[in-house]
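To keep things clear, I will list the structure first and then write my remarks on it.
Residue numbers (the working numbering), protein chains in the order written: chain S, 11 to 290; chain B, 11 to 290.
In structure tokens:
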């Protein structure tokens, strides 16, 4: 089938590579405000042609929206206006309640499938796209009862072609869970980077000493604001809840140290160790 | 030469493997309170023989102390009591001021080299030892002017055999820098794990959704209290300084979100992105 990918960056580009590899896409249109991305995606053989939004949407069987979540929410109603009942639209955003609510009463709502592939890196642009990115990761479909059976089926086929395992959830629950599982990790990582940059003025020392533990906790702090500000904005209430809880947890470590209560410190650490049983 | 390794866990075991591989050790004694570790280390060919502290210290050219930092500080004076001026002792602890001060006035002080290999994982025990662990990482030698020239030279040779690049620093500076580069990462990771475990009661959901970003920020939360409580205890003042700064940085994200000041949020993130220029 013909697939149009709106947003030819890390996520859209990685999807395109894999869907072509799997033979599910025989022609891929790329749509991107950034002409540099179109040129790069063409030269990397990620897309077959660059085109504009209207042409791309009208001439594809399956449309994937892979732009920052605020842009996706604004785009989606117009995309649905353009399509027929034979076409299907899927997004790939990290927040789901906003976009689902934006098209709740749209006459073509049932042609849309709300999707979140749980994968990303701190890099962006078509140059960082990798076909195996999604393999083994979770793909979440939200509010599936609001999608037409054939649209849902096609989106599932696409997600499975990405080698993801599917999870179904309502959009509100999704946004609560991702605040814990993904969004807060980015905030702590940004704050950690700012802490080090604030106090450790000798950049050469950071670079020389940085251990693998530091690099892995700080890696996400390289993620771009263009993607993350809209996520935090759309998931503000949940992110604030988690952030407050996280500050409370950090204060317990502070109190244990200040009071030299090392039994309590050990208890806090042993409790955190329980994550071993959950994450391999 | 004959090497004795006190503490045959992740660090001691990994050193033993590499030093044997490089041919710098032709016989390795293992000393460990945990007999299970000795058996494991023997069967994994990490050590040639298990022995007691006194025999091991008296019969080796080079002695490596690789036990938790509080135990190391207690052990070191007794180890120095046992050795001659032809032997050298090196430690491998993550805090340095405490151990250096503990032997400041010891008559054999010059036979000791204070060392910190900047590497570790969340795993422990001889079974997790890997010979290539230290390759390309920083090895810090503290207060080198307090070590005899020949002891220092031998310790440098050992560190270079581990394929580490050497950095020299005084112990107080080391403890400030590692509070930023390593210790705070562990606290944020523990606190993040506790945040998720507190709020996200559905463990199955954590497991299913966990993305690579979450796994990498939370990985360090698997690290054991036996190692980390003593580190936080010995580096209390510096760790508290950094922790306070970190909470301040998190509060800025909280304020930006609460006030819906997304320009400020973008500024905070862009500032954190500067870490890109420092860490590859």
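Glycine included, every Cβ here is placed at the ideal spot set by N, Cα and C.
In the DSSP output, what is residue i paired with across the bridge?
i: residue 40 (chain B); result: B:15, B:60
i: residue 149 (chain B); result: B:127, B:176
i: residue 72 (chain B); result: B:13, B:98
i: residue 122 (chain S); result: S:99
Whole angstroms is fine: what's the gap from residue i's alpha carbon to residue j's?
i: residue 25 (chain B); j: residue 172 (chain B); result: 7 Å
i: residue 142 (chain S); j: residue 148 (chain S); result: 13 Å
i: residue 233 (chain S); j: residue 99 (chain B); result: 44 Å
i: residue 96 (chain B); j: residue 201 (chain B); result: 46 Å
i: residue 89 (chain S); j: residue 15 (chain S); result: 12 Å
i: residue 37 (chain S); j: residue 208 (chain S); result: 49 Å
i: residue 270 (chain B); j: residue 264 (chain B); result: 10 Å
i: residue 54 (chain B); j: residue 23 (chain B); result: 10 Å
i: residue 162 (chain B); j: residue 274 (chain S); result: 39 Å
i: residue 51 (chain S); j: residue 30 (chain S); result: 13 Å
i: residue 165 (chain S); j: residue 175 (chain S); result: 13 Å
i: residue 102 (chain S); j: residue 49 (chain S); result: 22 Å
i: residue 168 (chain S); j: residue 12 (chain S); result: 12 Å
i: residue 110 (chain S); j: residue 260 (chain S); result: 34 Å
i: residue 127 (chain B); j: residue 108 (chain S); result: 48 Å
i: residue 74 (chain S); j: residue 64 (chain S); result: 14 Å
i: residue 57 (chain S); j: residue 35 (chain B); result: 57 Å
i: residue 125 (chain B); j: residue 196 (chain S); result: 33 Å
i: residue 179 (chain B); j: residue 254 (chain S); result: 38 Å
i: residue 339 (chain S); j: residue 121 (chain S); result: The question about residue 339 (chain S) has no answer, for chain S in this structure spans 11 to 290.
i: residue 33 (chain B); j: residue 69 (chain B); result: 19 Å
i: residue 123 (chain S); j: residue 278 (chain S); result: 41 Å
i: residue 105 (chain S); j: residue 80 (chain S); result: 9 Å
Suppose the cutoff is 7 Å on Cβ atoms and the five residues either side in sequence are ignored; what does the same chain contact list for residue i look like?
i: residue 78 (chain S); result: 236, 237, 240
i: residue 47 (chain B); result: 18, 19, 135, 136
i: residue 358 (chain S); result: Only positions 11 to 290 of chain S appear in this structure, which leaves residue 358 (chain S) out of reach.
i: residue 132 (chain S); result: 229, 230, 232, 233
i: residue 227 (chain B); result: 199, 202
i: residue 87 (chain S); result: 112, 113, 116
What did DSSP end up calling residue i once you bin it into helix, strand or coil?
i: residue 291 (chain S); result: Residue numbering for chain S in the displayed model covers 11 to 290; residue 291 (chain S) lies beyond these limits and cannot be assessed.
i: residue 144 (chain S); result: coil
i: residue 117 (chain B); result: coil
i: residue 264 (chain B); result: helix
i: residue 135 (chain B); result: coil
i: residue 49 (chain S); result: helix
i: residue 154 (chain S); result: helix
i: residue 85 (chain B); result: helix
i: residue 206 (chain S); result: helix
i: residue 283 (chain B); result: helix
i: residue 239 (chain B); result: helix
Who are the Cβ neighbours of residue i in its own chain at under 6 Å, not counting the five residues just before and after it?
i: residue 59 (chain S); result: 39
i: residue 138 (chain B); result: 20
i: residue 249 (chain S); result: 189, 193, 242
i: residue 66 (chain B); result: 14, 39, 41
Please confirm if residue i has its CB atom under 9 Å from at least one CB of chain C.
i: residue 78 (chain S); result: Included in the structure are the protein chains S and B, with no chain C among them.
To which residues of the same chain is residue i closer than 8 Å at the C-beta, ignoring the five residues directly before and after it?
i: residue 252 (chain S); result: 189, 190, 193, 194
i: residue 62 (chain S); result: 41
Taking 8 Å as the line, does the beta carbon of residue i fall inside it for any heavy atom of the ligand SAH?
i: residue 250 (chain S); result: Judged by which ligands are present, the structure shown has none, so any question about the ligand SAH falls away.
Q. When Cβ atoms are compared, which residues of the region 99-111 of chain B fall closer than 9 Å to chain S?
A. Correct list: empty, as no residue qualifies.
Q. Any residues in the region 191-213 of chain S with a beta carbon nearer than 9 Å to a beta carbon of chain B? Which ones, in chain order?
A. Legend: CB atoms of the region 191-213 of chain S lying less than 9 Å from CB atoms of chain B belong to residues 191, 192, 194, 195, 196, 197, 198, 199, 200, 201, 202, 203, 204, 205, 206, 207, 208, 209, 210, 212, 213.
(Q) Along the region 124-155 of chain B, where does the CB come closer than 9 Å to a CB of chain S? Name the residues. (A) Look at the region 124-155 of chain B: the residues with a C-beta under 9 Å from a C-beta of chain S are 128, 129, 130, 131, 132, 147, 148, 150.
Q: Name, going along the chain, the residues of the region 272-289 of chain S whose beta-carbon falls closer than 7 Å to a beta-carbon of chain B.
A: Here the close residues are 272, 275, 276, 278, 279, 280, 281, 282, 283, 284, 285, 286, 288, 289.
Q. What residues in the region 220-234 of chain S have a beta carbon less than 9 Å from any beta carbon of chain B?
A. Hits within the stretch, in order: 220, 221, 222, 223, 224, 225, 226, 227, 228, 229, 230, 231, 232, 233, 234.
Q: Mind checking the region 238-251 of chain B against chain S and listing, in chain order, the residues whose C-beta falls within less than 7 Å of any C-beta there?
A: Within the region 238-251 of chain B, the residues whose Cβ lies closer than 7 Å to any Cβ of chain S are, in chain order, 238, 239, 242, 243, 246, 249, 250.
Q. Relative to chain S, which residues along the region 38-56 of chain B have a C-beta separation below 7 Å, given in chain order?
A. Taking 7 Å as the Cβ-Cβ cut-off against chain S, none of the residues of the region 38-56 of chain B qualify.
Q.
Can you pull out the residues from the region 166-182 of chain S whose beta carbon lies closer than 7 Å to at least one beta carbon of chain B?
A. Under the 7 Å Cβ criterion, the region 166-182 of chain S contributes 177.
(Q) What are the residues in the region 252-271 of chain B lying within 9 Å of chain S by C-beta distance? (A) Within the region 252-271 of chain B, the qualifying residues are 252, 253, 254, 255, 256, 257, 258, 259, 260, 261, 262, 263, 264, 266, 267, 268, 270.
Q.
Using a Cβ-Cβ cutoff of 8 Å, what residues of the region 13-24 of chain S are near chain B? List them in chain order.
A. Cβ contacts with chain B: none found.
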